[in-house]
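Since the structure comes first, as structure tokens, the remarks are kept for the end.
There are 2 protein chains.
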Amino acid sequence: MSLPHPTADQISLPIVLAVLGDPTRLAIVRYLASKEGVPLNCSKFLDLASKTNLSYHLAKLREAGVTRSEAVGTSRLITLRRDDLDKRFPGLLDSVIAAADGDKDLPAVGTAEVEVSA
Amino acid sequence: MSLPHPTADQISLPIVLAVLGDPTRLAIVRYLASKEGVPLNCSKFLDLASKTNLSYHLAKLREAGVTRSEAVGTSRLITLRRDDLDKRFPGLLDSVIAAADGDKDLPAVGTAEVEVSA
DNA sequence: TCCTTAGTTCAAAAGTTATTGAACAATTGG
DNA sequence: CCAATTGTTCAATAACTTTTGAACTAAGGA
Chain A
135 MSLPHPTADQ ISLPIVLAVL GDPTRLAIVR YLASKEGVPL NCSKFLDLAS
185 KTNLSYHLAK LREAGVTRSE AVGTSRLITL RRDDLDKRFP GLLDSVIAAA
235 DGDKDLPAVG TAEVEVSA
Chain B
135 MSLPHPTADQ ISLPIVLAVL GDPTRLAIVR YLASKEGVPL NCSKFLDLAS
185 KTNLSYHLAK LREAGVTRSE AVGTSRLITL RRDDLDKRFP GLLDSVIAAA
235 DGDKDLPAVG TAEVEVSA
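The listed protein sequences correspond, in order, to chains A and B.
Heads up, the first sequence is in this note's numbering, so the first residue is 135 and it goes up one at a time.
Heads up, the second sequence is in this note's numbering, so the first residue is 135 and it goes up one at a time.
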């Protein structure tokens, strides 16, 4: 770990809700949840926003305690802080992710108009 | 009913999360949940914010589909849209309210420094 | 060493949200 | 009718948030 993260008990409910109340960040969290255990780097999310803007949103998620970012080489490996979130706010993350999965209007990773060449 | 409300299927997850991501509105929702079934008027929330500001926050909650406001005489009777929220986002409201109840730092109705004379 | 890749930082611009007070409407009770 | 009560609207301002591009750092490979 390298960048500043709140401890589990510093995670604040209104801040988490506000941070999740953004379609881009919700898409990031949803994708992280779908790949749980697999640390992802920022480039996975480039179809959601520009590199600079992603850096901003990922910092918000990290500062809120929703994600953890670990510097490995020139990459940041990003994971969901599921255990901390579940401990602090039982059931919240699951219901948010389930609701997001059921919403066709939400942006999602790998759904962008610009499709990646294989 | 008098003021504009979204239908159940128009309720949007990111908007609901963003609206709940504010301590004043979270306090309102929490209090409504604790008095479920009892329609409350705005004056119940005057220890959270000014009348004007409450009007603003209550409009946000209503427009997001979190609450229902019915005009009765000169009052607005406000209720939680629990059934609609539970249908759209199962478990979300309960986990948010439970998390809010466990947070000592959140403002709450009837907790203000200025106590009401009996 | 030089180049590329991965991501951050900074400052500016644009957009949105929150808060305020003064003025307004509508209902109700005297 | 008059006054009080309840809440809204409006305009202004303050305070954030989001988005952008250009410049930057740091690691890794040729």
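Cβ atoms here follow ideal geometry from the backbone N, Cα and C, with glycine treated the same way.
Could you pull the DSSP bridge partners for Ile212 (chain B) from this structure? B:Leu174 and B:Ser203
Beta-carbon separation of Val206 (chain B) and Val163 (chain B) under 8 Å? no
Decide if Leu137 (chain A) is buried, meaning its Cβ has at least 16 other Cβ atoms within 10 Å, or exposed. exposed
Among B:Lys169, B:Phe223, B:Ile231 and B:Ala152, whose alpha-carbon lies nearest the alpha-carbon of His191 (chain B)? B:Ala152
Output, in sequence order along the chain, the residues in the region 219–242 of chain B whose CB is closer than 8 Å to any CB in chain A. Arg222, Phe223, Pro224, Gly225, Leu226, Asp228, Ser229, Val230, Ala232, Ala233, Ala234, Asp237, Asp239 and Leu240
Specify whether the region 217–228 of chain A and the region 224–235 of chain B touch according to this definition: at least 3 beta carbon pairs, one from each stretch, less than 8 Å apart. yes
Simplified DSSP state of Lys185 (chain A), which is helix, strand or coil: helix
Using only alpha-carbon positions, find the residue among A:Asp218, A:Asp237 and A:Leu214 that is nearest to Leu195 (chain A). A:Leu214
When Cβ atoms are compared, which residues of the region 153–168 of chain A fall closer than 7 Å to chain B? Leu154, Gly155, Asp156, Pro157 and Leu160
I'd like to know if Pro140 (chain B) contacts chain A, where contact means its C-beta is closer than 8 Å to some C-beta of that chain. no
So is Leu255 (chain B) in contact with chain A if we call contact Cβ pairs under 8 Å? Outside the shown range of chain B, which is 135 to 252, sits residue 255 (chain B), and nothing can be said about it.
Proximity below 8 Å, CB of Ile145 (chain B) to CB of Arg210 (chain B): no
Tell me whether Ser184 (chain A) is buried or exposed, calling it buried when 16 or more other Cβ atoms sit within 10 Å of its Cβ. exposed
Closer than 8 Å to chain A by CB, Pro173 (chain B): no
Pull up the CB-CB distance for Ile149 (chain A) and Ala193 (chain A), whole angstroms please, since I reckon it's below 8 Å. Incorrect: roughly 13 Å between the Cβ atoms, too far for contact.
CB of Leu188 (chain A) within 8 Å of CB of Cys176 (chain A), strictly: yes
8 Å Cβ cutoff, Glu188 (chain B) in contact with chain A: The sequence shown places Leu at residue 188 (chain B), not Glu. Not an interface residue.
From Thr141 (chain B) to Ala167 (chain B), what does the alpha carbon distance come to, in whole angstroms? 20 Å
Please classify His191 (chain B): does DSSP put it in a helix, a strand, or coil? helix
Please classify Gly155 (chain B) as buried or exposed, where buried requires at least 16 other C-beta atoms within 10 Å of its C-beta. buried
How about Leu147 (chain A) and Asp237 (chain B): are their beta carbons less than 8 Å apart? yes
Counting only beta-carbon separations shorter than 8 Å, does Leu214 (chain A) have a partner in chain B? no
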